Amino acid sequence: MGAKRTFVDLDAAGPRHEYRAILAKIKKDAVCPFCPQNFKYHTRPILHETRHWLSTENFAPYIGTKHQFLLLHKKHIEHLTEMSPAAWGELLKHAQWLCKKYDLPAGSIFMRFGDVKYTNASVAHLHAQLLIGTKRAKKTFPIAPPLGFSTKPYIPKK
Ligand SMILES: [Zn+2]
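Under the numbering used here, the first residue of the sequence shown carries the number 6, and numbering increases by one thereafter.
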């Protein structure tokens, strides 16, 4: 009662300082930024919308991505167990639409769900991300989105 719910995790912004400032404002407003009625924080255009999902560009992409799309489950849910099989199937079609539209030769898709303290997601509202960087060459580095936490450090091999 009266306790403000927090829908965002500022620590997940990492070195993205402008993004952290936006998250701080959202936290202060105590709203979920991915719910359609609060979508004012998001400044990128909606690219595709279907019954369960909408896709847009991530406005705080990881360094080095060529494309980083955000796929939002339109209804506020947070855990995978709340998603319907129909929505799951529609997510595939939605991702395929992006692949065709942007002529993606490859990509990665990931979705975190549940308690953000386990996943390092910045927003609890269920969403997926589809991204692509550049083709591997001599001076390229892996794009490594944080997908949770470990008690052991992860050091990529060179
Ligand atoms: Zn929401």
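C-beta: ideal position from N, C-alpha, C; glycine also. For clarity, every value in this text was computed on a predicted model and none was experimentally measured.
Between C40 and ligand 1, is there a pair consisting of the residue's CB and a ligand heavy atom that are separated by less than 7 angstroms? Yes, the Cβ of C40 comes within 7 angstroms of a heavy atom of ligand 1.
To the nearest angstrom, how far is it from the Cα of F74 to the Cα of K32? For F74 and K32, the distance between alpha carbons rounds to 23 angstroms.
Closer than 7 angstroms: is that where the CB of C104 sits relative to any heavy atom of ligand 1? Checking the Cβ of C104 against ligand 1 gives no.
Would you say the beta carbon of H57 comes nearer than 7 angstroms to a heavy atom of ligand 1? No, the beta carbon of H57 sits no closer than 7 angstroms to any heavy atom of ligand 1.
Quick check on the burial criterion: 16 or more other C-beta atoms within 10 angstroms. Buried or exposed for H132? In the assembly as shown, H132 is a buried residue. Its beta-carbon has 16 or more other beta-carbons within 10 Å.
By the three-class DSSP mapping on this structure, what secondary structure does I148 have? Of the three classes helix, strand and coil, the one that applies to I148 here is coil, per DSSP.
For R117, does the count of other Cβ atoms within 10 angstroms reach 16, so buried, or fall short, so exposed? Note on R117: 16 or more other CB atoms within 10 angstroms of its CB, so buried under the neighbour-count rule.
Span of the alpha helix (DSSP H) around R25: Its alpha helix (DSSP H) spans residues 22–34.
Does the beta carbon of H81 fall short of 7 angstroms from some heavy atom of ligand 1? H81 Cβ: within cutoff of ligand 1.
Does G94 come within less than 8 angstroms of chain C when only Cβ atoms are used? Among the chains of the structure shown, chain C does not appear; only one protein chain is present.
Nearest to E62 by CA position, among P147, T48, R56, H99, is which residue? The residue among P147, T48, R56, H99 with its C-alpha nearest the C-alpha of E62 is T48.
Contact test: H99 Cβ vs ligand 1 heavy atom, cutoff 7 angstroms: Not so, every heavy atom of ligand 1 lies at least 7 angstroms from the Cβ.
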